[in-house]
Every structure is written in structure tokens, then in C-alpha cells.
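Report on the following structure.
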Amino acid sequence: MPGLGKTTLANKVYIADSVMSHFHVRCWCCVSQMYSMHSLLVQLLCSISSESPNKYLKKNENDLAENLRQVLLRRRYLLVLDDLWDVEAWNLLEKSLPNNANESRILFTSRFQNLSSQFKPDSKPYHLCPLTDEESWTLLQKKLFFKEGCPPTLSEVGFQIAKTCRGLPLTVVLVAGILATTAQDRWEEVAKYLKFIILDNKDCKKTLELSYSHLPDYLKPCLLYFAAFQEDEVINVRRLLWLWIAEGLVQQAKGKSLEESAYDYLMALISRSLVVVTKQRTMGGAKACQLHDLVHDLLLSGLVGHYYLTEKEELGTLLPKLLRVLDLGGYNCVPMEVASLVHWRYLVLHGTRSIPSAIENLSRLETLIVEHPFDQIELPNTIWNLKRLSYLCTTDRTRGFIFPAENLEVSPNLVHLDTLNLTIIEPFSQSLQKILAKLPTIRRLKCSCKRSQPARRLTFATRSSKEILEFDCMRQLESLHLIELKGYEFKFPLNLKKLTFIFNYQPWSEISTIGKLPNLEVLKLWTQSFVGEEWVMKEGEFPKLRVLELSRLDICNWTASSNNFSHLEELVVIDCWKLEEVPSCLGECHTLEMMEVKKCRESVAKSVEKIQEEQMDGGNELLKIIIKNCDYTNCSEAEGICSERGSISSHYT
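What the sequence shown shows, in the numbering used here, is residues 1 to 653, in sequence order.
Right, dumping it as C-alpha cells:
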């Protein structure tokens with residue numbers, strides 16, 4: 001995002017006494033979007049000699065480059081390239097810079113986060129974060145009142161104005177300029193119309209427009225699409241990508257799926273600081289994102305070209321046959337009219353229990369989502385005819401889609417289905433395996449169980465015969481959630497990267513099957529997924545595990561060795577109120593970045609603190625520790641407090 005203070009910070013470094021005394025020569029040039037080799041060299045030479053640019057204007061690039069090289073030769077220099085937009089500017093200048101091997105330094109600022117890797121792949125750039133609300137308020141007061149402080153009568157409205165700036169120093173400074181010429185009794189009025197005032201400011205508008213105009217053409221419609229969301233709305237990344245795909249905004253890159261290509265588009269917008277990540281995925285990457293208020297207003301203001309978005313109440317004037325995306329808020333069934341709109345690719349329903357057979361008429365449908373379903377959703381036999389179907393999801397992980405089990409032999413495969421919330425009915429017989437065989441491209445699967453008749457809790461030990469559920473036929477499966485599949489053995493594909501268990505009541509002896517998975521990176525064991533007092537991890541298990549979450553388990557003793565955690569980065573333990581401590585060998589885990597324990601016994605918290613001390617002694621001072629509500633001193637006390645067992649989270653991720 002422009003206006004975060006990158007140039008200001010670089011300048012503070014540039015003029016610092018310690019920097020001035022350390023370097024023999026300092027030179028600065030502003031690169032920006034439009035530049036030439038000649039102009040860059042002139043800027044650098046002028047910053048060194050304090051001469052007028054006229055001295056150099058008649059010289060050609062080769063002469064200027066040689067002049068710069070001679071000035072820097074055998075000297076320790078600091079060169080600042082401000083507002084770098086691409087690596088080409090550096091490529092032009094690099095040959096003019098002598099490598100004196102004397103601690104000379106190059107410093108550059110850029111709004112593009114990935115630019116540093118093009119210079120030096122292993123470099124770690126310093127990322128400027130937006131100001132907090134409190135920091136924005138402090139800066140605003142400093143600009144307005146200097147050392148006098150803000151009058152108490154203006155503190156509340158002043159803080160609200162600072163919050164509206166959304167952490168952007170540029171905006172804070174612009175607002176300070178507005179307030180400085182505004183009577184204090186009119187601050188409330190300023191606060192009310194502040195966003196519009198900021199957007200009317202030529203400097204701010206020009207900065208934002210420049211960011212938009214520099215976007216590649218294929219990214220502009222994707223950024224414009226954010227205007228269809230509410231201001232400040234936190235947007236689920238996967239849903240956003242599916243919408244882009246449905247609208248035809250994404251071109252599939254060679255060797256990648258459409259969703260992977262769409263994600264690359266999003267990351268390009270994020271790297272330009274136009275879109276902000278609000279939540280990360282456990283396997284890395286963005287889970288939710290948000291647009292800055294000012295960028296959102298810019299998109300709606302008509303400043304960015306000929307694109308035009310209608311208000312919701314005007315959508316009815318569009319020709320329905322041309323629409324590709326439909327969210328039927330308030331409808332718990334599919335209106336018959338929908339079946340005739342063959343161009344639709346993205347359909348959202350609310351609370352429905354079944355899908356009509358006429359759904360097959362939507363031959364181009366790619367995404368079908370049911371929000372807040374009342375129960376499991378029964379699919380018709382005609383679902384197999386939707387050849388383009390890619391995403392079949394609900395917002396409740398325990399209430400998925402029930403596929404028809406009849407006539408599977410003559411039904412076509414869904415060869416593009418990537419993401420699925422599936423519910424299966426006990427007894428399964430062979431129907432599950434037959435259904436899975438018809439879904440060869442699934443990458444993400446949530447699988448829950450519904451019993452045809454109410455039954456007592458069925459566990460691995462109480463099931464009379466051990467039935468095996470085989471998921472190893474799914475060669476592309478990367479993420480798997482298993483919910484209330486009690487008393488079964490499992491076979492998993494070797495390529496599985498993320499696995500979540502909920503209410504499965506497996507004995508700890510069965511976890512060795514999971515431990516042998518060679519590519520597993522994330523393991524989440526939630527709410528009685530495994531039962532028993534002791535978990536002993538075997539030698540060589542979990543070779544690539546990065547994230548481990550344990551929640552609401554009755555485990556008491558947990559034994560492991562350091563080689564079980566050779567790649568572990570995050571450990572989360574929540575509401576395991578019988579657990580005595582986490583394995584002490586975690587102190588030897590060199591990859592550990594974060595440990596979080598909540599609602600556990602005091603002894604667990606103390607074991608984590610001891611691990612932190614050992615990590616710090618080993619040089620890992622960045623290990624983050626989160627300890628909350630860990631004041632249970634004995635099992636009976638914890639059991640009394642934590643006896644209310646929560647239900648399964650219903651939010652689709």
C-alpha cells in the first residue's frame with residue numbers, strides 16, 4: 001500500500017548520524033513508475049555532488065555511468081533506490097556500481113513485497129505494517145497539537161477520526177492538514193464525511209490511482225470485483241477465487257488449475273498491498289482477506305476507468321440469461337425458473353434439504369454452495385451429468401451432500417470435482433468406495449457420517465467387525481476431514497498433507513497409520529477423535545509434520561522423541577484438561593515458531609515455559625508462547641470446569 005511511510009523510514013536511516021559517519025558516500029534516487037537510465041544516473045550524481053542537473057544533462061549514459069563508478073570506486077557507499085517498481089531499474093544500474101567488498105550497502109523501497117527475492121532469493125525484507133488505531137491517534141495528535149496534547153473535549157471524536165485512517169500514515173497526515181484548518185466545533189462533521197474528503201484530496205487520489213493504473217490488465221477486473229463486497233467485509237479467499245473463475249476473470253496458467261491460477265492473481269494484488277490478508281491458513285497462504293477502505297471507495301468512485309458496477313437493487317434490470325453468479329438468499333429450495341438459466345456457473349442456496357433433478361439443466365455450473373443447511377442435502381441422480389462441477393460445499397461440516405448410491409455403474413464420473421462436503425449413511429457396505437471412485441480429482445474432502453437409526457456411541461472397541469474405509473484410491477487428495485466416523489480403520493493416500501479428526505473415538509494405537517504418511521504437514525485431533533490416557537509416538541513417525549493441534553482429548557500422558565518433531569512449527573493444545581505436560585523434547589525442536597495452550601492444567605503451562613527457556617538458551621528468541629486459562633491444579637478441578645463439551649464448529653473453511 002502506498003503511504004505506509006517507506007520513504008520516510010528510508011530517509012531517517014539515510015540521514016542518521018551513525019549512517020553518515022559509517023559511509024564515505026551516500027546517494028539517493030527516486031525510481032518510480034517512469035524512469036530512464038539517464039535520469040537515474042543524473043539523480044545519483046547530483047545527490048553526491050550537490051551539483052545542478054544541468055551539469056550532467058548533455059552527457060550520454062556511458063559517460064554518466066563511468067562518472068558514478070569513479071566516484072564510488074574504493075569507497076564505502078550507501079545507495080538508496082526509492083519507490084522501485086520492477087527489477088529492471090536495478091539491472092540498468094548494477095554495472096555502474098563497483099563491488100568494493102567493504103560493507104557498501106544498497107537499500108531500496110518498494111510497494112511490491114516479492115521484489116526483494118529477485119535481487120537476493122534468501123533476503124528478508126523489512127515489511128512496514130499499518131499503524132494501530134492508537135498509533136494513528138498518537139501521530140494525528142503530534143501533527144495537530146505538537147507537545148500541547150489534545151483537549152479532552154476532542155479526544156473521543158479525534159480517536160474516531162484516527163481510526164478512519166485505517167493505519168495509513170499518509171492518510172493521517174492528510175487528515176491532520178484538513179483538521180488544522182477546521183474549527184474544532186466542526187470535527188464531528190469532518191468525521192462524518194472524512195472518507196469522501198480524503199478521496200477528494202488530489203495527492204491521496206493520485207497515489208491510489210497510480211497503484212491501480214500500474215496493474216496488469218488481467219488483474220484490474222479482479223480488483224474491481226472487490227467493489228461488489230461490502231466495505232470492511234472479510235472475504236473468504238476460496239469463495240472469492242471461485243467467483244472470479246465463475247465470472248471468467250481467470251486464465252488458466254500452464255501446469256496449474258484454474259483455482260491455482262486465481263490464487264496467483266490474488267497474491268499479486270496482495271504483494272502490491274492493495275489487498276490485505278486478515279487470516280492465514282495452517283498450511284500457509286491466505287484464508288481470508290480484506291480491501292482497504294480507501295481502495296474500496298476508489299473502485300466505487302468511477303475513478304478507475306469505464307468499468308461499472310450496479311447497486312443490488314438494480315440487478316433485476318439485467319437480463320437473467322446472461323448472469324453467471326447467483327446467491328439465492330432467503331430461498332431454501334431451488335426455484336424452477338433457475339433451471340432454465342443455463343449460463344450460471346456459481347449458485348448459493350440457503351437452508352435447503354434437497355436439490356431438484358432439474359439441476360442438470362445448469363450444464364455450466366461449477367460451484368454449488370448451501371449455506372446454513374437444516375440437514376444433510378440429498379442430491380439427485382442427475383448430479384452426475386454436471387460435467388463442469390468443481391466445488392460442492394456447505395457451511396456446516398457435519399451436514400454435507402448425500403450422493404445417490406443407485407446406478408453408479410452407468411453414471412459418469414465427476415472429473416473436475418475438486419472440493420466436496422460429503423455425508424455418508426451407515427451402514428456403508430461398498431457404496432462409499434464406489435462413490436469415491438467416481439470422484440478421481442478431489443483435493444479437499446470433508447466426510448461425515450449419518451446413521452439410518454439412532455444408536456449408542458459406537459467405538460473402535462465396541463464395533464463387532466472392523467470395517468476399513470479406503471481413501472487411498474484418491475490420488476490427488478491433499479486435505480481430509482473425518483467427522484463422526486466411529487470404529488473404523490482407515491487407509492489414506494500417501495500424498496495427503498492435511499488431516500482432521502473429530503468425534504471418531506479411535507484408540508491411540510491406531511495413530512501409527514497416520515504417523516507413517518510421508519507428506520502429512522498438518523494434523524488436527526479435535527473432540528474425542530482419539531481416546532485413551534496415553535499417546536506414545538513411535539520412532540520415525542510424522543517426518544514432515546509442521547502443525548499439530550490437540551483439542552478436547554482425554555489424554556493424560558504424551559511421550560515423544562525429538563525426531564518426531566523434526567519439522568514442527570506450531571503446537572496448539574486446547575482443553576486437554578487431563579494432560580500432565582507436553583513432551584520436553586520440544587526444547588530440541590529447532591523449527592518451532594509458536595506454542596499455544598489454553599484451558600489446560602498448570603503443569604502443562606509450566607512445561608511449555610520450560611521449553612521456551614531451553615529454546616532461548618539455544619538461540620531461538622523468536623518463539624511465540626500463548627498461555628491462557630491454565631490454572632487447573634488437578635484433574636477433578638479441571639473436569640468440573642470443562643465438563644460442558646462444545647459442539648463441532650459449523651463454519652466452512
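Idealized CB from N, CA, C, for every residue including glycine.
query                                                                                                                                                              : result
Three-state secondary structure (DSSP) at V594?                                                                                                                    : The sequence as given places Met at residue 594; Val does not occur at that position. Reduced to three states, the DSSP call for M594 is strand.
Any contact of the region 341 to 359 with the region 369 to 382, i.e. 3+ C-beta pairs under 8 Å?                                                                   : yes
C473 to W526, Cα distance in whole Å?                                                                                                                              : 25 Å
Classify I15 as helix, strand or coil using the three-state DSSP reduction.                                                                                        : helix
Going by beta carbon distance, what residues of the same chain come within less than 8 Å of L569, once the five residues before and after it are set aside?        : Here the sequence assigns Glu to residue 569, which means Leu is not the residue at that position. These residues qualify, in order along the chain: R546, V547, T591, L592, E593 and M594.
Look at the alpha carbon of L223 and the alpha carbon of S110, and state the distance between them as a whole number of angstroms.                                 : 20 Å
By the 10 Å Cβ neighbour count, where 16 or more other Cβ atoms means buried, how is K256 classified, buried or exposed?                                           : exposed
Assign P130 to one of three DSSP states: helix, strand, or coil.                                                                                                   : coil
Buried or exposed: I359, going by 16 or more other Cβ atoms within 10 Å of its Cβ?                                                                                 : buried
Determine the closest residue to P373 out of T382, E188, N421 and L417, with distance taken between C-alpha atoms.                                                 : N421
Which two residues bound the contiguous beta strand (DSSP E) that contains R105?                                                                                   : R105 to F108
Candidates K438, C449, L622 and Y225: which alpha carbon is nearest F417's?                                                                                        : Here the sequence assigns Leu to residue 417, which means Phe is not the residue at that position. Nearest of K438, C449, L622 and Y225 to L417, Cα basis: K438.
To test your reading of the DSSP string, which unbroken alpha helix (DSSP H) runs of 4 or more residues are found completely within the region 16 to 41?           : 17 to 22
What does the Cβ neighbour count give for H481, buried or exposed, with the cut at 16 atoms within 10 Å?                                                           : buried
Return the bridge partner residues of I377 from the DSSP annotation.                                                                                               : F401
Smallest Cα separation from F471: which of L432, G248 and E484?                                                                                                    : L432
Locate the beta strand (DSSP E) running through N67, then write down its first and last residues.                                                                  : Element bounds for N67: not the beta strand (DSSP E) but the alpha helix (DSSP H), E61 to L72.
Let's test the definition: count the other Cβ atoms within 10 Å of the Cβ of N60 and tell me whether it reaches 16, buried, or not, exposed.                       : exposed
Rounded to the nearest angstrom, how far is the Cβ of I383 from that of I402, given a contact under 8 Å?                                                           : Rounded, the Cβ-Cβ distance is 10 Å, inconsistent with contact.
Could you work out which residue in L499, I442, T513 and Y505 is closest to R659 when comparing CA atoms only?                                                     : Shown here, the chain extends from 1 to 653; a query on residue 659 therefore has no answer.
In three-state terms, what does DSSP make of Q476?                                                                                                                 : coil
Cα-Cα, which of S32, C289 and V25 is closest to T7?                                                                                                                : S32
Spatial neighbours of N495 within its chain, please: CB distance less than 6 Å, with the 5 preceding and 5 following residues excluded, ordered by chain position. : N519
Sort T500, V157 and N557 by Cα distance to P192 and report the nearest one.                                                                                        : Per the sequence shown, residue 192 should be read as Lys rather than Pro. The shortest Cα separation from K192 among T500, V157 and N557 belongs to V157.
What residue ranges within the region 131 to 196 form continuous beta strand (DSSP E) runs of no fewer than 3 residues, ordered along the chain?                   : none
From Y218 to K544, what distance separates their C-alpha atoms?                                                                                                    : 37 Å
Excluding five sequence neighbours on each side, which residues of the same chain lie with their C-beta closer than 6 Å to the C-beta of I611?                     : L586 and G587
Any chance the region 92 to 101 sits against the region 125 to 137, with 3 or more Cβ pairs inside 8 Å?                                                            : no
Out of curiosity, what's the CA-to-CA distance linking K254 and F503?                                                                                              : 41 Å
Hey, which unbroken runs of the beta strand (DSSP E) at 3 residues or more fall wholly within the region 496 to 534?                                               : 498 to 502 and 522 to 526
Given 6 Å as the limit, tell me if K279 has its C-beta closer than that to any heavy atom belonging to the ligand PLP.                                             : Although the ligand PLP was asked about, the structure shown includes no ligands whatsoever.
Leaving out the 5 sequence neighbours to the left and right, which residues in its chain are closer than 7 Å to D375 when beta-carbon positions are compared?      : R353 and R399
Give the secondary structure of T419 by DSSP, where H, G and I count as helix, E and B as strand, and everything else as coil.                                     : strand
Can you tell me whether DSSP reads W558 as helix, strand or coil?                                                                                                  : strand
Sort out for me which residues DSSP pairs V370 with in a bridge.                                                                                                   : L349 and T394
Identify which residue in K55, S509 and I15 has its Cα closest to the Cα of L78.                                                                                   : I15
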